[in-house]
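Enquirer: Residues -20 to -1, 1 to 449 (mature numbering (1 follows the signal peptide of the UniProt record, and there is no 0)) are what the sequence shown spells out, left to right. Before I ask anything, let me first share the structure, which is written out below as structure tokens.
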Amino acid sequence: MKTMLLSLSALLAGSLSLVAAQESSNPQEVDKNSFDDDLRQTPDSIARKEKWFYEAKFGAFIHFGVYSVLEGAYQGKVQRPRYAEWIWADAKISAAEYREVAMTFNPVEFDAQQWVKIFKDNGMKYVVITAKHHDGFALFDSAVSDFNMVDATPFKRDIIKELSEACHRNGLKFGVYYSQAQDWYDPNAPVMSPRRTRRSVMHPDLPKGFRPDFDKYLKEKSLPQVEELMKNYEIDLVWFDTPIDMTFERAKLFTDVVRKHRPDCVINSRLIQKGKNKILAENLELFDYISVGDKEVPTTKLPLYFESPDSVSTSYGYKTYGNHQYHTEVEMIQRLVHTVCSGGNYLLNNGPMGSGKIDPEAVRLYGAIGDWLKVNGESIFDTHRSPLPERPEWGGCSISKDGKTLYLHILEWPESGTLSVDGVESQATAASFLANGENVEFVQDGKTLKLNLPAKPLDQYDTVVKVAF
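Right, here's the structure in full:
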């Protein structure tokens, strides 16, 4: 996962970058002027999302690979940056040394069925896992490169195959993350930061004056591996990342390969759209939805459907050493709510341990979200983004697909005991708490709805009021 302060300038002003658990979880407003008003996805892209993606709302993101063994430290040297999956670059490891680390990657506790049970029990509708991250290591049985789970580790099993089958057996959609441009194992691939990712250190045997050939890498490894994934596995979503040097022509090669084998597969914007760039209308035919920046949560309605890639920790890969910390239940639940109320999906990451076991703290946090969803799930699933003109200071709103039920997510409990909702176009007929079903007293004056609330919230994270019209 790339360290992105922004995924797009269009999302900069309206995103909260959660870099420490102590930071406020109250997101900032989006600068709507960063979007062109006429931006629209293509009809076939909308049709793909309508099959399942719009309704999913909540998914599991998984960063799992050789780096999971190191946990943020190599040969006694602790990694300073937060992202454990960048340990190869940060610790200045050579390709030969990293391949030796891969020989210690033996996740004997991996159980695809158990993973899926955790995700499904806690309300997640789809799963996205790192089939290949920037280190070039593939979690699947690849004929293109032997630096993969079957050929380069003692485990000898195809993680992607087992997890894909377990997801579909249990009614979850399955997606793969694939780093299409960065690949530190292949010297022809570009790097995001030459100072941080030194090709001469990773590949000390390269001839003097070596010139990387990006198109050679695309032709010989990246595109063929994506085609392997499309042909050999049941893939519902492809999550591309860090589109260094990805022109329209190069990106279209990937879109064409995906569409050729899996026409209903959903593609994210990081295939070509990178940070600090405005969303370009000419790129919309290449992808299906916007991936906002890492840990960013837009808090106002966006013109294109999006997904927020968050994580239970300040790292995406599993980390026990160095600079990292876990977030809180209230942060996770409120960020899920803000994402859905703004019109997007919430993709919450965990980094499994090198043994193949899901991080226990991630399981605990997932459980808190799952328990909240068991009571309040109808305000998240089968809903659309807020119909109100502005995001209320006290929280957020979602609305049922038929437009007859408004869900008020009260994140900041009013001391006055009265909650005012402005911009309500229809006449309310009833209001009740999802937590206990009890009615809520209200009066409506034109487009303003006022509710009388008890002294304290019914839910420690988010008390939801269901308003019928």
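In this text, a Cβ means the ideal position worked out from N, Cα and C, and glycines have one as well. Treat the numbers as computed from the prediction; the structure is a model and nothing was measured.
For Gly334 versus Val49, is the C-beta spacing smaller than 8 Å?
Expert: As a position in the sequence shown, residue 334 is number 354, starting the count at 1. As a position in the sequence shown, residue 49 is number 69, starting the count at 1. Yes, the Cβ-Cβ distance between Gly334 and Val49 is below 8 Å.
Enquirer: Could you tell me the alpha carbon to alpha carbon distance between Lys281 and Ala40, rounded to whole angstroms?
Expert: Here residue 281 refers to the residue found at position 301 when the sequence shown is read from its first residue. Here residue 40 refers to the residue found at position 60 when the sequence shown is read from its first residue. Straight-line Cα distance between these residues: approximately 23 Å.
Enquirer: Mind checking Gln407: buried by the 16 CB within 10 Å criterion, or exposed?
Expert: Your numbering for residue 407 matches position 427 in the sequence shown. The residue in question, Gln407, is exposed, as its Cβ has fewer than 16 Cβ neighbours within 10 Å.
Enquirer: Smallest Cα separation from Trp32: which of Thr133, Phe85, Lys153?
Expert: The sequence position of residue 32 within the sequence shown is 52, counting from 1. Comparing Cα-Cα distances from Trp32 to each of Thr133, Phe85, Lys153, the minimum goes to Lys153.
Enquirer: Is it the case that the region 105 to 113 contacts the region 346 to 357, given that we only count it when at least three CB pairs across the two stretches are under 8 Å?
Expert: Flag = no, the region 346 to 357 and the region 105 to 113 do not touch.
Enquirer: Could you give the first and the last residue of the continuous beta strand (DSSP E) run that contains Thr294?
Expert: Numbered from 1 along the sequence shown, position 314 holds the residue referred to as residue 294. It is not in any beta strand (DSSP E) - Thr294 carries neither H nor E in the DSSP assignment.
Enquirer: What span of residues does the alpha helix (DSSP H) with Asp70 cover, start to end?
Expert: Translated into positions along the sequence shown, residue 70 becomes position 90. 67 to 70 is the extent of the alpha helix (DSSP H) around Asp70.
Enquirer: Apply the 10 Å Cβ neighbour rule to Thr235 and answer buried if 16 or more other Cβ atoms are within range, or exposed otherwise.
Expert: The residue you call residue 235 lines up with position 255 of the sequence shown. Per the 10 Å Cβ criterion, buried.
Enquirer: Quick check on the burial criterion: 16 or more other C-beta atoms within 10 angstroms. Buried or exposed for Leu(-10)?
Expert: Stepping through the sequence shown from its first residue, residue -10 is reached at position 11. Confidence in Leu(-10) is poor, its pLDDT being 33 and thus under 50, which makes the residue's placement too unreliable to answer from.
Enquirer: When you compare each of Ala132, Lys240, Ser322, Tyr387 to Ala415 by their alpha carbons, which one comes out closest?
Expert: The count along the sequence shown starts at 1 and reaches residue 415 at position 435. The residue with the shortest Cα to Cα distance from Ala415 is Tyr387.
Enquirer: Nearest-angstrom Cα distance between Arg179 and Trp164?
Expert: Counting from 1 along the sequence shown, the entry for residue 179 is found at position 199. Counting from 1 along the sequence shown, the entry for residue 164 is found at position 184. If I take the Cα positions, the gap works out to 8 Å.
Enquirer: Kindly identify the DSSP beta-bridge partner or partners of Ile379.
Expert: Here residue 379 corresponds to residue number 399 of the sequence shown, with the count starting at 1. His364, Leu386.
Enquirer: With DSSP as the reference, please indicate the residues paired to Asp402 in a beta bridge.
Expert: In the sequence shown, residue 402 corresponds to position 422, counting from 1. Asp402 pairs with Thr428.
Enquirer: As a quick exercise: from Pro23, Gln59, His43, Ile26, pick the residue whose alpha carbon is nearest that of Gly302.
Expert: Here residue 302 corresponds to residue number 322 of the sequence shown, with the count starting at 1. Checked all of Pro23, Gln59, His43, Ile26; the closest Cα to Gly302 is Gln59.
Enquirer: Decide if Asn419 is buried, meaning its Cβ has at least 16 other Cβ atoms within 10 Å, or exposed.
Expert: Here residue 419 refers to the residue found at position 439 when the sequence shown is read from its first residue. By the neighbour-count rule (16 or more Cβ atoms within 10 Å), Asn419 is not buried but exposed.
Enquirer: Quick check on Ser159: does DSSP put it in helix, strand or coil?
Expert: Position 179 of the sequence shown, counting from 1, holds the residue named residue 159. If DSSP states are grouped into helix, strand and coil, Ser159 belongs with coil.
Enquirer: In whole angstroms, what is the alpha-carbon distance linking Trp374 and Leu391?
Expert: The residue given as residue 374 occupies position 394 in the sequence shown. The residue given as residue 391 occupies position 411 in the sequence shown. Looking at the two C-alpha atoms, the distance is approximately 6 Å.
Enquirer: Quick one: what's Lys188 bridged to in DSSP?
Expert: On the sequence shown, residue 188 is found 208 positions in, with the first residue counted as 1. DSSP lists no partner for Lys188.
Enquirer: Quick check on DSSP: helix, strand or coil for Phe449?
Expert: By 1-based counting over the sequence shown, the position of residue 449 is 469. Phe449 falls in the coil class under three-state DSSP.
Enquirer: Where does Thr443 fall in DSSP's three states?
Expert: If you number the sequence shown from 1, residue 443 lands on position 463. Of the three classes helix, strand and coil, the one that applies to Thr443 here is strand, per DSSP.
Enquirer: Would you check if the region 209 to 220 and the region 126 to 137 touch, i.e. whether three or more CB-CB distances between them fall below 8 Å?
Expert: Cβ pair count under 8 Å is below three, so no.
Enquirer: Cα separation between Asp121 and Lys141?
Expert: Start at 1 with the first residue of the sequence shown, and residue 121 comes out as number 141. Start at 1 with the first residue of the sequence shown, and residue 141 comes out as number 161. Taking the straight line from one Cα to the other gives about 9 Å.
Enquirer: Can we say the region 225 to 244 touches the region 145 to 162, given the rule of at least three CB pairs closer than 8 Å?
Expert: Yes, the region 225 to 244 touches the region 145 to 162.
Enquirer: Taking the Cβ atom as the reference point for each residue, do Ser288 and Gly347 lie within a distance shorter than 8 Å?
Expert: Position 308 of the sequence shown holds residue 288. Position 367 of the sequence shown holds residue 347. Not closer than 8 Å, so no.
Enquirer: In whole angstroms, what separates the C-alpha of Asn168 from that of Arg176?
Expert: As a working mapping, residue 168 is identified with position 188 in the sequence shown. As a working mapping, residue 176 is identified with position 196 in the sequence shown. Those two C-alpha atoms are separated by around 17 Å.
Enquirer: Can you check which of these residues, Lys37, Glu30, Arg20, is closest to Arg365 by C-alpha distance?
Expert: Taking the first residue of the sequence shown as position 1, residue 365 is located at position 385. Nearest C-alpha to Arg365: Lys37.
Enquirer: For the beta strand (DSSP E) containing Ser412, list its first residue and its last residue.
Expert: Against the sequence shown, residue 412 aligns to sequence position 432. Here the beta strand (DSSP E) through Ser412 covers 410 to 413.
Enquirer: Out of Leu327, Gln253, Ile215, state which residue places its alpha-carbon closest to the alpha-carbon of Phe99.
Expert: As a working note, residue 99 is residue 119 in the sequence shown. Closest option to Phe99, Cα to Cα, is Leu327.
Enquirer: Let's test the definition: count the other Cβ atoms within 10 Å of the Cβ of residue 466 and tell me whether it reaches 16, buried, or not, exposed.
Expert: No answer is possible for residue 466: it lies beyond the span of the chain, which begins at -20 and ends at 449.
Enquirer: Just confirm the distance between the C-beta atoms of Ile224 and Met172, as a whole number of angstroms; I'd bet it's less than 8 Å.
Expert: Numbered from its first residue, the sequence shown carries residue 224 at position 244. Numbered from its first residue, the sequence shown carries residue 172 at position 192. 6 Å between Cβ atoms; contact.
Enquirer: In chain order, what residues of the same chain have a beta carbon less than 6 Å from the beta carbon of Trp393, not counting five sequence neighbours either side?
Expert: Your numbering for residue 393 matches position 413 in the sequence shown. For Trp393, where only same-chain residues beyond five positions count, the Cβ hits under 6 Å are Pro437.
Enquirer: Taking the alpha-carbon positions, what's the Asp18 to Leu368 distance?
Expert: The sequence position of residue 18 within the sequence shown is 38, counting from 1. The sequence position of residue 368 within the sequence shown is 388, counting from 1. Near 20 Å, if we compare the C-alpha coordinates of Leu368 and Asp18.
Enquirer: On a CA-only basis, which of Arg62, Leu399, Thr363 is nearest Lys430? Give me that one, please.
Expert: As a position in the sequence shown, residue 430 is number 450, starting the count at 1. The option with the nearest alpha carbon to Lys430 is Leu399.
Enquirer: With respect to the alpha helix (DSSP H) encompassing Tyr34, which residues constitute its N-terminal and C-terminal limits?
Expert: In the sequence shown, counting from the first residue as 1, residue 34 sits at position 54. Looking at the DSSP string, the run of the alpha helix (DSSP H) that includes Tyr34 is 33 to 36.
Enquirer: To the nearest angstrom, how far is the alpha carbon of Arg149 from that of His43?
Expert: What you label residue 149 is simply residue 169 of the sequence shown in a count that begins at 1. What you label residue 43 is simply residue 63 of the sequence shown in a count that begins at 1. Between Arg149 and His43, the C-alpha separation is close to 22 Å.
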